[in-house]
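Mapping to numbering that gives the first Met the number 0: the sequence shown position 77 is 76, numbers consecutive.
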Amino acid sequence: MVPNDAPLRLILDGTALVSNWRWLSDKAGVPAGAAVKADGYGLGAREVSRRLAEAGCRDFFVATWAEADALGSLPFGAALSVLHGVREEDMAAALASRARPVLNTPAMVARWKAAAPGRPCDVMVDTGMNRLGLSIAEAASGLLDGLEIDLLMSHLACGDEPASAMNEQQRVRFADVASRVGAQRYSLANSAGACLGPDYGFDLVRPGVGLYGGLPRAEAAGHIAQVVRIEAQILQVRDVPAGDTVGYGATFTVGGATRIAILNLGYADGYLRAFAGHGLALHEGVACPLAGRVSMDLIAVDIGKAPVEEGGWLEIAYQLESTAAATGLSQYELLTGLGSRYQRGWTD
Ligand SMILES: *Cc1c(COP(=O)(O)O)cnc(C)c1O
């Protein structure tokens with residue numbers, strides 16, 4: 000059981016989640032599914048999926064069969080696809096699951112044809128990223144004949160690049176494969192691809208990071224709302240005289256005598272060393288800068304004269320786009336690194 004009095008809170012905005020999902024779908028002009036792998040990018044896959052399914056989302060994507068299992072059953076008959084497909088070791092789980100595998104290799108295709116003839120699957124075709132997927136030649140070779148393909152998909156390598164010729168190249172290649180391989184539906188775009196508009200929509204878009212408040216492309220600025228807020232509790236307040244140092248490595252020397260608050264937040268919560276020199280806690284809008292390095296499970300912030308006490312709470316600045324720019328961590332890293340120690344609560 001998760002105690003509901005954890006010293007670290009993730010406050011999640013369900014209205015923002017659903018409005019991000021709607022905006023991405025509207026922008027692409029087609030229905031949007033949801034990538035909920037990596038535990039819903041750190042937010043909690045079950046709660047994310049339930050909320051999006053209630054809003055009308057019917058296609059969900061996880062990476063592995065363990066993630067499919069952890070998600071449990073989805074409401075409203077929503078469908079689940081397992082992006083990494085079926086290794087031999089996955090077959091028992093796959094056959095017992097209602098989820099569809101995404102077949103990525105000729106061996107996976109053969110495995111599925113032999114073990115589950117006629118049972119629906121999805122197929123990934125690589126159009127230039129060289130990550131997972133069949134080559135275009137393999138996909139068009141007759142290898143897929145006899146499969147019941149629900150979703151034929153591909154994935155953009157540079158969707159989030161401001162101007163990349165590769166997007167158009169992949170779109171043209173995908174349209175070509177789509178004309179040659181029969182499937183119920185076709186899908187190319189992730190969050191960034193959805194921002195590229197209806198040309199990239201095909202029948203379905205598959206946003207992940209944008210649902211959770213990540214800004215996939217400049218076009219989404221002002222439309223994608225932050226979903227995550229962090230609050231950490233103050234374990235100790237100490238008066239530190241000028242000239243003393245704070246934390247591991249003694250990298251931070253106090254200029255003038257000040258008050259330092261010690262908070263429950265550290266590496267296991269996604270708060271990495273990259274925050275040194277950039278991290279900020281907030282007390283009623285007043286900035287309390289991170290003092291020195293993260294010290295494993297704890298950070299120290301300079302609260303100056305802010306009227307906060309032991310047991311009180313501070314917000315941790317975590318606006319995804321600016322935090323990514325300051326720390327050099329990606330918005331994906333900032334989200335998926337949020338660990339299991341937060342008490343996750345939704346505001347609606
Ligand atoms: C993770 C993933 C997505 C979602 O990507 P975002 O960039 O987070 O929107 C879509 N499709 C596939 C195949 C993925 O692996």
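Beta carbons: idealized from backbone N, C-alpha and C, even for Gly.
Beyond the five residues adjoining it in sequence on each side, Thr346 comes within less than 8 Å, by CB distance, of Ile10, Leu11, Asp12, Gly13, Thr14 in the same chain, given in chain order. Here the alpha carbon of Asp202 sits roughly 12 Å from the alpha carbon of Ser153. Counted as a single uninterrupted DSSP element, the stretch harbouring Glu320 is not any beta strand (DSSP E) but the alpha helix (DSSP H) occupying residues 319-326. Residues of the same chain with a CB within less than 8 Å of the CB of Cys120, apart from the 5 flanking positions on each side, are Arg99, Pro100, Val101, Leu102, Trp111, Leu146, Glu147, Ile148, Asp149 in chain order. Contact check for Leu279 against Pro288 passes: the beta carbons are separated by less than 8 Å. Under DSSP, Met152 forms a beta bridge with Met123, Ser186. Assigned with DSSP and collapsed to three states, Asp38 falls in helix. For Arg170, the enclosing alpha helix (DSSP H) starts and ends at 164-179. The distance from the Cβ of Gly344 to that of Arg45 is about 14 Å, inconsistent with a contact at the 8 Å cut-off. Per DSSP, the continuous beta strand (DSSP E) segment holding Gly344 begins and ends at 342-345.
In its chain, beyond the 5 residues on either side, Pro105, Val108, Leu133 have a beta carbon closer than 8 Å to the beta carbon of Leu142. Distance from Phe75 to Val35 at the Cβ level is roughly 15 Å; contact not present, criterion being Cβ atoms closer than 8 Å.
In this structure the region 244-256 does not lie against the region 332-341, because fewer than three pairs of beta carbons, one per stretch, are closer than 8 Å.
Val122 has its alpha-carbon roughly 42 Å from the corresponding atom of Ala5. Nearest Cα to Glu167 within the set Ala182, Ala139, Met128, Leu214: Met128.
Per DSSP, Ala98 lies in no beta strand (DSSP E) and is assigned neither H nor E.
Counting along the chain, Ser80 sits inside the beta strand (DSSP E) bounded by residues 78-81. The residue from Asp238, Leu313, Tyr317, Arg258 with its alpha-carbon nearest to that of Leu271 is Tyr317. Distances from the alpha-carbon of Arg258 to those of Val47, His83, Ala299, Leu23 put Ala299 closest. Gly43 and Leu214 have their C-alpha atoms some 19 Å from each other. Under the three-state reduction of DSSP, Ser48 is assigned to helix. With contacts defined as CB atoms closer than 8 Å, Leu195 and Gly158 qualify as a contacting pair.
Residue Gln342 holds the alpha-carbon nearest to the alpha-carbon of Gln232 among Ala114, Ala113, Gln342. In the DSSP assignment, Leu289 falls outside any alpha helix (DSSP H) and carries neither an H nor an E. Per DSSP, reduced to three states, the secondary structure at Asn129 is coil, with no helix or strand assignment. Around Leu328, the same chain offers Ala273 as residues with beta carbons nearer than 6 Å, after the five sequence neighbours per side are excluded. When beta bridges are read from the DSSP output, Trp312 appears opposite Gln232. Taking 7 Å as the cut-off, the C-beta of Ala177 does not count as close to any heavy atom of ligand 1.
Sixteen is the threshold: since fewer than 16 other Cβ atoms of the shown chains lie within 10 Å of the Cβ of Leu94, the residue is exposed. Residues Arg179 of the same chain have their beta carbon placed closer than 6 Å to that of Ala139, with the five preceding and five following residues left out of the count. Looking at the DSSP output, Leu297 shares a beta bridge with Asn263, Ser294. The alpha carbon of Asp301 has as its nearest neighbour, out of Ala290, Gly310, Ser294, His222, the alpha carbon of Ala290. Judged by their CB atoms, Gly55 and Val47 are not nearer to each other than the 8 Å cut-off. In the three-state reduction of the DSSP assignment, Thr244 falls in the strand class. Taken through DSSP and simplified to helix, strand or coil, Asp89 comes out as helix.
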